[in-house]
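Here the structure comes first, spelled out in structure tokens, and everything after it is commentary.
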Amino acid sequence: MDIEEGIKRINGVIEVEIQGFFTERFINLCKINNIKIWDIKNIVSGIVRFNISIKDFKKLKSIARKTKCRVKILKKKGLYFNMFRYRKRKIAYLLILMFICLCIVSSTFVWNVEISGNESIDTMYILAQLKDAGLYVGKNKINLNTKNIINRLRINVSDIAWAGIEIDGTNAYVKIVEKTNLKEDNREDGTIGDIVSTKSGIIEKVTAENGTAISQAGDYIEEGRIVIEGKIYSKVLETKDVKAKGKIVLRTNYNYSDFYSYKKENKIYNERKKYSIGLTINDKENYINYLDKSLSYDIIKSSHEFKLFGFSFSLDFYTFNFYDVEYVDISEEEIIQQAKQDAQNYIDEVLPTLRNPQILNCEVSILDKTEEGINVNVLYTLNEEDGVYRKRN
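My numbering applies: residue 666 is where the sequence shown begins, and numbers increase by one.
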């Protein structure tokens, strides 16, 4: 069945029988008037059967009058007639409509996450870290920020050198490039390659155990730059390609900046409380919030989790604790202390993702002052081991 035939059957097809002495003229007039008929069968003399679409069936009346043939409907086929036949079954139509809506809504979610490129990092561990970063089965694809997810994944999993996410339908394909452990990768396995930088910074120390250091201490290098080349040069012998081996120490910078207001917000809780319920499906939270958005409140959530058909559900109960806001003036010194504490929390999260980091300096500076507050920047200068082995093509 071709596409046109399929469309006709969906719209509705009528099997027709004509009786008379001028059935051949009837067929010819149909062709002259561009009335499409098919599956023409000559049953006996004076009786012909064929199929015709609904829209063309009404045009047969004038032709039947001219040829003095009697038109009889034998069978009605197609979705149109089935819908009409069950028109009184409203519940069935409602269920069909709900099913269609469910299919449309479900297509906006991620239902499968596939990991590729990982050899030493466990797939289940990567899936767990992706979930913490915001990508998991049941996650809505609308406004999904893959760049933020990749950044958080690389921070949480220090052995990942590069990651990419591709969304195709309801599938999320995550491609991983692992960092090469120099101690493990410097084995003599016959491969040839270089050691390149994964960050930008100033070289503090470079030691080439195998190969040639093409950058020296004090040089500034960009991310992806070859630092130890997999070649051994000689004035006497020919240049030899080898597997680069060595150690790089970089001086790098990490910035934390934020705007701090001279007005500090203090919460003064009152005895007023409200309650609500909700349902969480695969970490997608939905709850009834009937409160005025202008009110200030904290939300306390308690949940009862269960699983059904492979999906995780959670029946949630919410308590809204209301409070009044009081603004207190704070000094510039207090702001700087708060900025230092926030920056310390930031660097405490970054340090575990680095290799043998050492903090050299912490510099606090005020970038901008306004009547409302100040913009504070905290610059950390670190020494850290860097370098990843890259096989040469």
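Note that CB positions come from ideal geometry on N, CA and C, so glycine has one too. All figures in this text were calculated on a predicted structure; none of them were measured in a lab.
query, result
"What residue range does the beta strand (DSSP E) around TYR1045 cover?", "1038-1051"
"Output the distance between the C-alpha atoms of ASP1033 and LYS908, rounded to the nearest integer angstrom.", "49 Å"
"With a threshold of 16 other CB atoms inside 10 Å of the CB of LYS740, please say whether the residue is buried or exposed.", "exposed"
"Going by Cα to Cα distance, which pick from ILE946, ASN986, LYS696 and LYS844 is closest to ASN783?", "LYS844"
"If we count the other Cβ atoms within 10 Å of its Cβ and call it buried at 16 or more, is GLU950 buried or exposed?", "exposed"
"When the distance is taken between beta carbons, is LEU1047 closer than 8 Å to TYR934?", "no"
"Apply the 10 Å Cβ neighbour rule to LEU795 and answer buried if 16 or more other Cβ atoms are within range, or exposed otherwise.", "buried"
"Residue ranges of each alpha helix (DSSP H) run of no fewer than 4 residues wholly in the segment 682-752, ordered along the chain?", "688-697, 719-722, 725-732 and 744-750"
"Would you kindly check if the distance between the Cβ of PHE985 and the Cβ of LEU1019 is under 8 Å?", "no"
"Check whether the segment 868-881 touches the segment 806-824, counting contact only when three or more Cβ pairs, one atom from each stretch, lie closer than 8 Å.", "no"
"I'd like to know if the segment 1004-1020 and the segment 894-907 are in contact, where contact means that at least 3 CB-CB pairs between them fall below 8 Å.", "no"
"Quick check: CYS1027 and TYR1045, are their CB atoms within less than 8 Å of each other?", "yes"
"Between which two residues does the alpha helix (DSSP H) containing THR811 stretch?", "811-821"
"Would you kindly check if the distance between the Cβ of GLU997 and the Cβ of ASN931 is under 8 Å?", "no"
"Would you say THR872 faces chain C, with C-beta separation under 8 Å as the test?", "Checking the listed chains, one finds no chain C in this structure; it contains a single protein chain."
"For the 8 Å Cβ check, are there 3 or more pairs between the segment 855-863 and the segment 795-806?", "no"
"Which partner residues does VAL914 have in the DSSP bridge list?", "LYS870 and GLU1050"
"PHE691: buried (16+ other C-beta within 10 angstroms of its C-beta) or exposed?", "buried"
"At what residues does the alpha helix (DSSP H) containing ASP1007 begin and finish?", "997-1015"
"If you run the structure through DSSP and keep just helix, strand and coil, what is ILE891?", "strand"
"Between the C-alpha atoms of ILE965 and LYS939, what's the straight-line distance to the nearest angstrom?", "11 Å"
"Is it the case that the Cβ atoms of TYR885 and SER941 are separated by a distance below 8 Å?", "no"
"Measuring only the C-alpha atoms, how far is LEU1025 from SER979?", "47 Å"
"Pull up the DSSP beta-bridge partners for ASP923, would you.", "VAL1041"
"Can you tell me which residues form a DSSP beta bridge with THR984?", "TYR940 and ILE965"
"Taking the alpha carbon of VAL681 as the reference point, which residue from CYS768, LYS731, ILE712 and PHE687 has its own alpha carbon closest?", "ILE712"
"With distances taken Cα to Cα, identify the nearest neighbour of SER727 among ILE719, ILE705, LEU694 and LYS720.", "LEU694"
"Measure from the alpha carbon of VAL914 to the alpha carbon of each residue in LYS724, ILE867 and ALA729, then state which is nearest.", "ILE867"
"Bridge partners for GLU784 per DSSP, in chain order?", "Looking at the DSSP assignment, GLU784 forms no beta bridge with any residue, so it has no partner."
"Please tell me whether ILE830 and VAL839 are closer than 8 Å, where the distance is taken between their beta carbons.", "yes"
"For GLY829, write down the residues that DSSP places opposite it in a beta bridge.", "LYS840"
"Which partner residues of CYS1027 appear in the DSSP bridge assignment?", "TYR1045"
"Within 10 Å of its beta-carbon, does PHE715 have 16 or more other beta-carbons around it, so buried, or fewer, so exposed?", "buried"
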